[in-house]
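Using our numbering, you'd call the opening residue of the sequence shown number 6 and step up by one each time.
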Amino acid sequence: MVRRLNLRQVEAFKAVIEYGTVSRAAEMMNVSQPAMSKLIAHLEEDTALRLFDRVKGRLVATRRGMRLYEEIDRIFAGVRQVENAVEAIRRDEQSRLLIGVMPALSGSFIQEATSRFLARQPGVFCSVQSRSSQWIADALVTHRLDVGLIIAPVDNPYVAAEPMMGHPVVCILPLGHPLAAKEVIVPEDLAGVPFISFDPESHTHRSISRVLEGHGVTPEVVMIANVSPTLCEFVAAGVGVSLVHPLIVGGLRDKIAIRRFEPEFQLEFQLCRNRDSRNARLVDAFLASAREAATEISRSILTPNPA
């Protein structure tokens with residue numbers, strides 16, 4: 006008989022999916038590893054579903070496991086919205102800025118941009134949410150966000166968008182890769198080289214593919230990643246090379262080689278706001294900080310690093 010689930014089991018399941026291992030998930034939930042394993046085992050027993058396969062001592066989510074995770078994540082997202090609403094009500098008399106950022110910029114860049122902003126705007130409360138470009142655009146229209154940073158163009162009369170700044174795409178490679186001996190990578194260098202690609206439906210993938218195909222090069226795609234941090238980690242691990250916007254590799258200069266790519270082409274992130282923003286002063290201040298952070302990070306990234 007399928008028994009009623011308890012929240013602790015669900016939290017444990019979600020943590021294992023998101024942190025990749027039972028030990029890491031146990032650490033984040035502040036429980037022992039045996040206790041975490043027991044929670045997962047009870048969840049599988051209570052649901053009568055095999056949620057994980059055991060592969061070489063690790064738990065790997067099954068198809069059913071990932072379907073359950075998607076539903077759980079959707080529900081938790083709703084809970085987070087309620088929590089955000091409660092926090093906003095608490096701070097109703099305090100200045101606040103609600104920021105949406107696509108996953109590619111959710112690392113060192115948004116930390117630097119927001120820190121600069123807060124240093125100049127003491128007492129302001131910030132909320133930063135990493136979501137898809139479409140979710141951010143929708144949230145700007147409904148005033149759930151004040152400002153958004155995305156890459157896909159926005160076609161909505163209620164949203165004002167401007168390029169944050171153009172930066173040439175760079176080639177990232179594993180340290181010690183043969184191509185890292187070159188100062189500049191060209192499309193022909195990538196022929197037959199294992200390549201890690203973004204999701205084929207993404208704006209970034211389409212832009213990169215147009216350039217490579219225009220030079221008669223079809224990359225040997227060995228992996229597809231839908232978020233930049235994952236892609237960069239696999240490059241660092243030696244799985245392949247890739248082409249990315251320089252802002253996404255700010256915190257990884259000691260783990261990967263970064264080289265100029267020619268012919269130069271740019272991927273422009275968009276700074277977006279609601280045209281009828283009730284928080285125009287803070288939005289303007291944040292956008293100024295974001296531009297400064299983008300300039301400094303990109304300048305440092307394009308400084309040659311060792312292979």
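Ideal Cβ positions, reconstructed from N, Cα and C, are used throughout, including at glycine.
TODO: Output the distance between the C-alpha atoms of ASP281 and ARG63, rounded to the nearest integer angstrom.
DONE: The alpha-carbon atoms of ASP281 and ARG63 are separated by roughly 50 Å.
Open item on the list: So the candidates are ALA299, LEU287 and SER294; which of them puts its Cα closest to the Cα of PHE130?
Closed with: PHE130 has its Cα closest to that of LEU287, out of ALA299, LEU287 and SER294.
Task: CB contact flag (VAL159, VAL133, <8 Å) - done: No, the Cβ-Cβ distance between VAL159 and VAL133 is not below 8 Å.
TODO: Taking only the alpha-carbon atoms, compute the straight-line gap between VAL198 and GLY245 and give it to the nearest angstrom.
DONE: Distance between the alpha carbons of VAL198 and GLY245 is about 7 Å.
TODO: Let me know if GLN271 comes out buried or exposed under the rule of 16 or more other beta-carbons within 10 Å of its beta-carbon.
DONE: Label assigned to GLN271: exposed.
- [ ] Report buried or exposed for ASN279, applying the criterion of at least 16 other Cβ atoms within 10 angstroms of its Cβ.
- [x] By the neighbour-count rule (16 or more Cβ atoms within 10 Å), ASN279 is buried.
Task: Where PHE274 falls: helix, strand or coil (DSSP) - done: Coil, per DSSP.
Task: Straight-line Cα distance separating ARG304 from GLU98 - done: At GLU98 the pLDDT is 43, less than 50, meaning the model places this residue with poor confidence; the figure from the coordinates comes in the next sentence. Answer to the nearest angstrom: the Cα atoms are 39 Å apart.
- [ ] Could you tell me the distance, in whole angstroms, from the CA atom of PRO205 to the CA atom of GLY128?
- [x] Approximately 42 Å, taken between the alpha carbons.
- [ ] Using the Cα positions of ASP151 and LEU145, report the straight-line distance between them to the nearest angstrom.
- [x] ASP151 and LEU145 have their C-alpha atoms roughly 6 Å apart.
Task: Where the alpha helix (DSSP H) through ALA142 begins and ends - done: Residues 138 to 146.
- [ ] Identify the continuous beta strand (DSSP E) that holds VAL249 and give its terminal residues.
- [x] Per DSSP, the continuous beta strand (DSSP E) segment holding VAL249 begins and ends at 247 to 249.
Task: Simplified DSSP assignment, three categories, for MET228 - done: Secondary structure at MET228: strand, using DSSP grouped into helix, strand and coil.
Task: As assigned by DSSP and simplified to three states, the class of PRO168 - done: In this structure, PRO168 counts as strand in the three-state DSSP scheme.
Task: Nearest candidate by alpha-carbon position, reference LEU2, set LEU154, HIS220 and ARG59 - done: The structure shown does not extend to residue 2, since the chain is modelled only from 6 through 312, so no value can be given for it.
Open item on the list: Please tell me whether LEU265 and VAL175 are closer than 8 Å, where the distance is taken between their beta carbons.
Closed with: The sequence given here has Arg at residue 265, not Leu. In this structure, VAL175 lies closer than 8 Å to ARG265 by Cβ.
Task: Cα-Cα separation, TYR24 to ILE261 - done: TYR24 and ILE261 have their alpha carbons spaced roughly 22 Å apart.
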